[in-house]
Amino acid sequence: MKVLVTGGAGFIGSFLVDRLVTEGHAVTSIDSLEAQVHNSGKPDYLNDNCTYLWGSCSDANLIATALEGIEVVFHLAAIVGVAQSMYEVVRYTQGNTLGTAVLLEQMIKMQKRPQKIIVASSMSIYGEGTYQDEEGHEVYAELRPASQLKMKVWEVLHSKTKAPMRPLPTSETKPLKPGSIYAIGKRDHEEMVHVIGQAYNIPSVACRFFNAYGSRQALSNPYTGVAAIFCSRLLKGLPPVIFEDGQQLRDFVHVSDLIEGLLLCLHKETANYQTFNLGSGLPISIEQVATALSKAITDGKIAPVISQEFRAGDIRHCFADINKARELLNYNPKYSFAVGIPELVQWVSRQQSEVDKGTDRFDTALHEAKQRGLIS
2 MKVLVTGGAG FIGSFLVDRL VTEGHAVTSI DSLEAQVHNS GKPDYLNDNC
52 TYLWGSCSDA NLIATALEGI EVVFHLAAIV GVAQSMYEVV RYTQGNTLGT
102 AVLLEQMIKM QKRPQKIIVA SSMSIYGEGT YQDEEGHEVY AELRPASQLK
152 MKVWEVLHSK TKAPMRPLPT SETKPLKPGS IYAIGKRDHE EMVHVIGQAY
202 NIPSVACRFF NAYGSRQALS NPYTGVAAIF CSRLLKGLPP VIFEDGQQLR
252 DFVHVSDLIE GLLLCLHKET ANYQTFNLGS GLPISIEQVA TALSKAITDG
302 KIAPVISQEF RAGDIRHCFA DINKARELLN YNPKYSFAVG IPELVQWVSR
352 QQSEVDKGTD RFDTALHEAK QRGLIS
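Here it is in structure tokens:
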């Protein structure tokens with residue numbers, strides 16, 4: 002098949018390109034080589050058997066060219082950064098929501114439209130995860146109020162009894178409550194793709210990625226995934242900085258498991274017009290992640306710093322219920338975080354020269370957020 006991958010030079014997109022090429026597909030990629038991610042230009046892992054077009058998804062002419070003869074579209078391109086999106090609102094909205102609109106409009110104009118579109122969404126659109134109260138009822142909580150967080154009461158409390166609630170796996174049926182401009186854009190991605198897919202009989206699939214990690218993730222980007230940020234700090238001899246008390250739970254999914262999930266969405270008709278969580282299904286605390294990476298990279302010599310500060314819009318717990326993907330796709334992730342660490346550490350250790358360039362960008366990003374009142 003002829004396949005288009007937007008964001009095909011990025012962390013997840015590049016691995017998807019590799020697998021599609023291996024399967025024998027004719028692959029085209031569009032990528033803007035966002036400087037915040039690709040600060041050294043074109044990465045050296047690009048696939049020689051993929052046709053790369055350089056530019057933005059907001060460029061209608063470029064998109065029209067890229068779509069010629071395409072049978073399947075994987076839309077992975079996005080500007081990534083939850084915190085940064087809260088003060089670069091126009092950039093994130095133009096790059097993400099408008100870029101998706103341009104892609105879909107050019108698809109509509111085609112005489113022979115693609116047979117399927119698969120869009121990368123995010124767990125961030127859920128807001129808080131799912132909880133259970135003292136009586137065993139499932140609760141969809143609001144974001145914690147700043148007044149509570151200022152008292153360093155970190156857990157999500159029942160709105161009436163004020164008792165802490167127990168986190169549960171979050172399924173696709175949970176109401177969406179995006180808490181950032183980035184998350185709103187990802188929700189837009191999903192809804193736009195599904196609406197156009199239904200209207201024009203183009204099977205659409207939305208994949209909600211949880212916390213992705215693995216080789217090729219941008220270590221120089223302070224707005225990337227937390228595992229990469231921690232690795233970058235440790236390679237510089239600096240401690241990972243953890244907000245709140247470090248006990249917040251997330252779901253870390255290895256990039257190879259995400260690629261398997263995406264390919265299952267391509268090949269299985271049961272994926273059509275569906276939305277899936279793609280995670281590991283295994284909750285792990287942020288402190289556990291930082292400690293494990295410190296042990297692997299520095300033999301535990303650099304301990305994480307638990308700041309007891311909080312960021313506006315941050316959630317407490319969210320980890321994936323992957324039962325739907327298991328049942329409809331036969332999705333079976335193979336990597337726990339403990340299993341995935343050796344591959345990640347082996348790769349990041351080879352990036353020392355890249356990490357050594359310039360000042361620590363995390364500290365700069367932290368300062369920017371504090372100046373804007375987003376961290377307390």
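Under the working numbering, residues 2 to 377 are what the sequence shown spells out, in order.
For each residue, glycine too, the CB sits at the ideal point set by N, CA and C.
As the structure is a prediction and not an experimental result, all values here were calculated from the model.
Run of the alpha helix (DSSP H) containing residue i, from where it starts to where it stops
| i | result |
| --- | --- |
| R362 | R362 to Q372 |
| R188 | I182 to Y201 |
| S295 | I287 to T299 |
| E139 | Where E139 is concerned, there is no enclosing alpha helix (DSSP H), although the beta strand (DSSP E) it sits in stretches over E139 to Y141. |
| L150 | A147 to K151 |
| Q133 | First-last for Q133: T131 to Q133, but that is the beta strand (DSSP E), not the alpha helix (DSSP H). |
| G100 | G100 to K110 |
| A229 | V227 to L236 |
| P343 | F338 to S350 |
| N324 | N324 to L330 |
Backbone CA spacing between residue i and residue j [nearest angstrom]
| i | j | result |
| --- | --- | --- |
| V206 | F277 | 8 Å |
| K187 | I118 | 15 Å |
| T203 | P115 | The sequence shown places Ile at residue 203, not Thr. The alpha-carbon atoms of I203 and P115 are separated by roughly 7 Å. |
| A78 | E328 | 28 Å |
| Q85 | D364 | 13 Å |
| G359 | S160 | Its pLDDT being 48, under 50, G359 is placed unreliably by the model, and the measurement read from it follows with that caveat. When rounded, the distance between both Cα atoms is 46 Å. |
| M193 | H255 | 27 Å |
| L264 | Y336 | 17 Å |
| R145 | K110 | 44 Å |
| C266 | A10 | 21 Å |
| S57 | S33 | 5 Å |
| I307 | I376 | 14 Å |
| E139 | K302 | 41 Å |
| V196 | K269 | 20 Å |
| V28 | Y53 | 9 Å |
| K175 | G128 | 10 Å |
| V22 | Q95 | 30 Å |
| E261 | L367 | 34 Å |
| M152 | E24 | 54 Å |
| R251 | L63 | 37 Å |
| H26 | N48 | 13 Å |
| N324 | N50 | 35 Å |
Residue j beta carbon less than 7 Å from that of residue i
| i | j | result |
| --- | --- | --- |
| Q112 | L220 | no |
| Q218 | A200 | no |
| I287 | G247 | yes |
| A121 | C208 | yes |
| A65 | I31 | no |
| A291 | P343 | no |
| V157 | R317 | yes |
| G137 | G314 | no |
| F210 | L283 | no |
| L5 | I71 | yes |
| F231 | L294 | yes |
| A297 | V349 | no |
| L150 | F253 | no |
| A184 | I126 | yes |
| D258 | P305 | no |
Endpoints, the beta strand (DSSP E) within which residue i is located
| i | result |
| --- | --- |
| A378 | Outside the shown range of the chain (2 to 377) lies residue 378, about which nothing can therefore be said. |
| N278 | Q275 to L279 |
| I119 | K117 to S123 |
| Q248 | First-last for Q248: undefined, no H or E at that position. |
| T7 | K3 to T7 |
| T271 | Where T271 is concerned, there is no enclosing beta strand (DSSP E), given that its DSSP letter is neither H nor E. |
| L169 | R167 to L169 |
Contact test: residue i Cβ vs the ligand FMN heavy atom, cutoff 6 Å
| i | result |
| --- | --- |
| D246 | Absence of the ligand FMN from the depicted structure is noted, as is the absence of any ligand whatsoever, leaving it without description. |
Among the options, nearest to residue i - alpha-carbon criterion
| i | options | result |
| --- | --- | --- |
| Y141 | S172, F244, V28 and M152 | S172 |
| A190 | L99, F338 and I316 | The identity of residue 190 in the sequence shown is His, whereas the question assumes Ala. Nearest of L99, F338 and I316 to H190, Cα basis: L99. |
| M108 | V81, R92, K151 and E69 | E69 |
| G8 | T23, E24, M2 and P44 | P44 |
| P170 | G130, V154 and N273 | G130 |
| C319 | R92, G96 and P168 | P168 |
| P165 | L177, E135 and K178 | E135 |
| Y46 | F75, D19 and E35 | D19 |
| D60 | I323, N97, V83 and K3 | N97 |
| Q133 | P334, K163 and R362 | K163 |
| H76 | Y93, H368 and G14 | G14 |
| G374 | A147, K237 and Q249 | A147 |
| A370 | V91, L250 and V83 | V83 |
| R362 | L239, H26 and K178 | L239 |
Starting from the N-terminal side, write out each stretch of the beta strand (DSSP E) that is 3 residues or longer and does not extend beyond the region 9-89. Segments of the beta strand (DSSP E) lying fully in the region 9-89: 27-32, 51-55 and 73-76.
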